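Each residue of the sequence shown is one higher than the one before, starting from 0 at the first, in numbering that gives the first Met the number 0. Glycine residues also receive a C-beta, built at the ideal position from the N, C-alpha and C atoms. Since this is a predicted model, take the numbers as computed values, not measurements.
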Amino acid sequence: MPKKNVKSKHAPQMKQAAEHPVYNYILLLIFAVFLVFFTTNKLTNEDDYFWHLATGRYIVETGSIPSTDVFSFSTDGQHWLVTEWGWDVLTFSIFSVSGYTGLSALTTIVFALIFTAYVFVLRKFKVSYAVIILFSVLLCFGIFERVTPRPHIITYLFFVLLISALVNYKYFNRNTKSIYFLPFMFLLWANMHMGCVLGIILFAVFLLVELIIYLKPDKFSAKEIIPLTKQQFIKLLILFSLCCAVMLINPHGLITYYYAASSQVNMKMLQEAVMEWISPFNPRIFGKFHNVIYFIFLAGGFLILYYAKKKKDLLAAVLFLILALNSLRALRFTVDFLFITFIFFIAAVSYVLSVFKNEKIRFSINHGREVKLAVSAIIVILIISIPGNVLYHKYLTYSRFTGTGIDTEYYPEKMFNFIKENNIHNTGERPFNTFECGGYFLWNFPGKKDFFDSRDLNDFIMNEYQTILSKLPGYEKKIEDYNFDYAICVIPDIVSEPQIMKQTVISYFSQNPKVWKLVYWNDRSLLFVKNLPKFEKVISEHEYKYITPYNYCYQKNILEKGMEENIEYAKNELRNKVRDDPNSIFMRNIIQTYGKKLNVIYK
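Okay, here's the thing in structure tokens:
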């Protein structure tokens, strides 16, 4: 009979000098501070946050979970299942109480739980604190782009809790009660994120591996890896069955998973447009720091395979191979790979370090204060460089900002305030909006419908959007058919790449001033309203006829004509722009070129 409590012998025992536990506490404390700073960032570069919040608000206020689209007039009534409704309600409820700060705190708590679980399990493998924390910092930079308050982070937490519970049961304690929480976890998971499907597959792989070990104990077991007894295997099989059963307890049952699977087929164009769905070998991200770290861990898989062979650890080898292959599909799966294989990777690293012949080196790595102080110093340097964004902007060359709230340079906050102040969202009914701001529109204007956003609907509407945005054949007819009455164009790169205006529907709106009136613009966005009586007031008070980014770049003749034939109007346009948006780069360039003639000086 195997022992009920299986004790780890993954690291060889050696005569040790006195360890300094205080340095362990210092290291853990410094890493905790780093984690707080690292996970506290303004929302930027993603629009998904906002339609998740808008969905949560809709569910809370109506008391119902939609099964058809209620947010876009272009797909109104089409089949749409809210598979992440639990997360949406949770985050909206948190936001209602504590705003964006609460969402940031939620993110920090989730990742704190993840790394707490890692430390708990890896210490059972006798891995030193220095090794755990050093590689945890490296992991942080590998998952960098996914540290956001979106539902995938709950999947990361549940991945780690699942693997931790199974590893603890398999290697260390067959009497642990922690595995009994798994059905409850899968119940939550199934209502928060479809990552639960990969979770249940991992559980199934674990059972399959244990069945193989049970059937062939001589080949796949050792003193440290004892096969499950028949009773233990049956217990896990019952737990697995319960987890499968509770996954059906969601608003739409089995249909939820069919919908999620079919969405992968029906939104190929959207996947091509979204960064997380591109290949890790794509030139757009190949060689970036987080991508490099993924490949380091992927190459480190040879350590896992070496460790698995030496220890006869079939589970470590099988999980690595499955997840490594899956990670090659898309960038989002590389992070799944990192989270799930991290425990085995660090256990393998620790094993390799433990076979060093030099006992002094082994002790220094595992217990010496010098290594712990060195790792602590590295983390302190990172902490110091985070608050001023030096780490992100200078060293990582990445657009990320420490703090809470939203990045108002990325999101069109000023434009949307203008829309609210002039009641355009209530006056207009059918807005054209660019992909970057669909969710932000839904969040800012409750009850109003956008044209398009980043929800996973289908390729048809994505094709319609791309046709209009990129002025593909037939786009004018589509603009007419959709009967847009105002247009929200958010293109974050128009300052550095003004040709985007020429290449997109912005040029169409700008070249048809009799039909479309520009009433607001800044360096990242433009707002046009259709020349209709209902917009007469906002047009008369705010129309830009001459001083516009498009005119400055591509229609200087119109700008210069305004200075000759209607100079007072042009002066007022520029003065209003100086007053409302003094930091505008386009405005400064216009003043530099025409300021003297218009008698407008930028101070």
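- Per the coordinates, the alpha-carbon of L235 lies some 43 angstroms from the alpha-carbon of R283.
- The C-beta distance from S524 to C488 rounds to 6 angstroms, short enough to fall under 8 angstroms.
- Distances from the CA of F319 to each of R328, R331, A329 and L337 were compared; the closest alpha carbon is that of L337.
- It is roughly 28 angstroms from the alpha-carbon of G437 to the alpha-carbon of K287.
- For V130, the closest C-alpha among the options I342, D492, S261 and T82 is that of I342.
- Excluding sequence positions up to five before and after V166, its CB lies within less than 7 angstroms of the CB of V120 and I342, all in the same chain and listed in chain order.
- I113 is classed as buried because its beta carbon has at least 16 other beta carbons within 10 Å across all chains shown.
- By the beta-carbon neighbour count (other beta carbons within 10 angstroms, threshold 16), S469 is exposed.
- Between the C-alpha atoms of F37 and Y485 there is a straight-line separation of about 40 angstroms.
- Between the C-alpha atoms of S220 and T175 there is a straight-line separation of about 21 angstroms.
- In the three-state reduction of the DSSP assignment, A486 falls in the strand class.
- DSSP places F400 in the coil class of the three-state scheme, outside both helix and strand.
- Contact check between the segment 140 to 152 and the segment 38 to 54: three or more CB pairs, one atom from each, fall below 8 angstroms, which counts as touching.
- A Cβ-Cβ separation of about 6 angstroms places D46 in contact with E435 under the 8 angstroms criterion.
- Beyond the five residues adjoining it in sequence on each side, M562 comes within less than 8 angstroms, by CB distance, of Y545, A569, Y593, K596 and L597 in the same chain, given in chain order.
- The beta carbon of L441 is closer than 7 angstroms to those of F49, W50, A53, F70, D449 and D452 in its chain, skipping five residues each way along the sequence.
- If you draw a straight line from the Cα of S398 to the Cα of I211, it is about 48 angstroms long.
- A Cβ-Cβ distance of about 19 angstroms is found for the pair A329 and I295, leaving them out of contact under the 8 angstroms criterion.
- Inter-residue distance for W188 and I153 is about 8 angstroms (C-alpha atoms, whole angstroms).
- Between Y168 and the set I499, F232 and I360, the nearest pair of CA atoms involves F232.
- Taking a 10 Å sphere around the C-beta of T107, we find 16 or more other C-beta atoms and assign the residue as buried.
- The beta carbon of R368 is closer than 7 angstroms to those of H19 and Y22 in its chain, skipping five residues each way along the sequence.
- In the DSSP assignment, K529 falls within the beta strand (DSSP E) that extends over S524 to K529.
- Counting only unbroken stretches of 4 or more residues, the alpha helix (DSSP H) elements lying wholly within the segment 172 to 201 are 181 to 189, in sequence order.
- DSSP places F431 inside the beta strand (DSSP E), whose first and last residues are P430 to N432.
- If you ignore the 5 residues before and after Y394, its C-beta comes within less than 8 angstroms of the C-beta of S384, all in its own chain and listed in chain order.
- With respect to A315, Y306 sits close: the two C-beta atoms are nearer than 8 angstroms.
- Annotated as distal: M586 and C552, with beta-carbon spacing of 8 angstroms or more.
- As DSSP reads the structure, D449 sits in a beta bridge with S71.
- The DSSP-derived three-state label of V146 is coil.
- Under the 8 angstroms Cβ criterion, the segment 403 to 417 counts as touching the segment 97 to 107, having at least three qualifying pairs.
- Look at N556 here: in three-state DSSP terms it is helix.
- At the C-beta level, L322 and I303 stay beyond 8 angstroms of one another.
- In the structure shown, the three-state DSSP call for H392 is helix.
- Counting of Cβ neighbours within 10 angstroms places A116 among the buried residues, the total reaching 16 or more.
- Rounded to whole angstroms, the separation of the alpha carbons of L381 and L390 is 7 angstroms.
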